[in-house]
Every structure is written in structure tokens, then in C-alpha cells.
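For reference, the structure is listed below as C-alpha cells.
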Amino acid sequence: MGNIDLKYMFMSPEGRIGRQTWWIGVGILFVASLIVGALLGEGGIIPVVINLLLLLAGVMLHIKRCHDRGKTGWWCLLLLIPVVGMIWAIIDLGVLEGEKGPNRFGSAPA
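Number 536 in the numbering used here belongs to position 21 of the sequence shown; there are no gaps in the numbering.
As C-alpha cells, this is what we get:
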């Protein structure tokens, strides 16, 4: 797998990432969310700000995975639909292969 550039993974909507990197990113965000909830609880401004930053990082992650599938980041709006969005993300982003070779969003992930 090599080294993972976390800054690139979570802070930029540009480029493409593969399935394995996407799953790793989803796992990192899930664990981070659990830790924030356990340490800081649900109330207060600090947990809200941290969770908004985690949400933004997740959006960047999903956009890059959509790019690998040849779709624009706007497809991430499907995540706003309860149940359907989760099923779509698992199948389309987590299971199906990305486009082979370069596409309009960049070269294929290594």
C-alpha cells in the first residue's frame, strides 16, 4: 500500500483514490469520531467544531473516490438520503472498481 498522505486524503477534493485508501480513510474518520464522542461528549462547541471538521474531511475523501469512479463530487449528495446513501456509498465507492487509466480527474491511483 505504501505511505498514505493524510493531508491529501482529507483536505483536498482534487485527484483520485482507490477503494483500499477509501476504506482506510472511512475507518480513520469513524475511529476519530468515536474518540471525540468518548472524550468530549456530545454537547458544547468544541465537539461540534471537531465533528464538522471530520465531516468536511469525509466529504473530501468521498469526492476523490467519486473521481476515481469517473463521477463528479456532486454524487456525494446521495449520502444525504437516509439508508439509500449508505448503500450507494458501500457499493459504488467501496466495492466497485475505479476507471482504468487516467480520466478527467487525474491519473489512476497507484
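No residue lacks a Cβ here, since even glycine has one placed at the ideal position from N, Cα and C.
By the C-beta criterion, the segment 569–583 is judged to be in contact with the segment 537–551, since at least 3 inter-stretch pairs fall below 8 Å. Counting along the chain, Gly621 sits inside no alpha helix (DSSP H), nor does DSSP assign it H or E at all. Per DSSP, Arg580 is one residue of the alpha helix (DSSP H) stretching across 560–583.
Rounded to whole angstroms, the gap between the alpha carbons of Glu557 and Pro597 is 21 Å.
Shown here for Gly616: same chain residues with a beta carbon closer than 6 Å to its own, the five before and five after excluded, namely Ala623 in chain order.
Annotation for Ala547: the continuous alpha helix (DSSP H) segment containing it runs 534–555.
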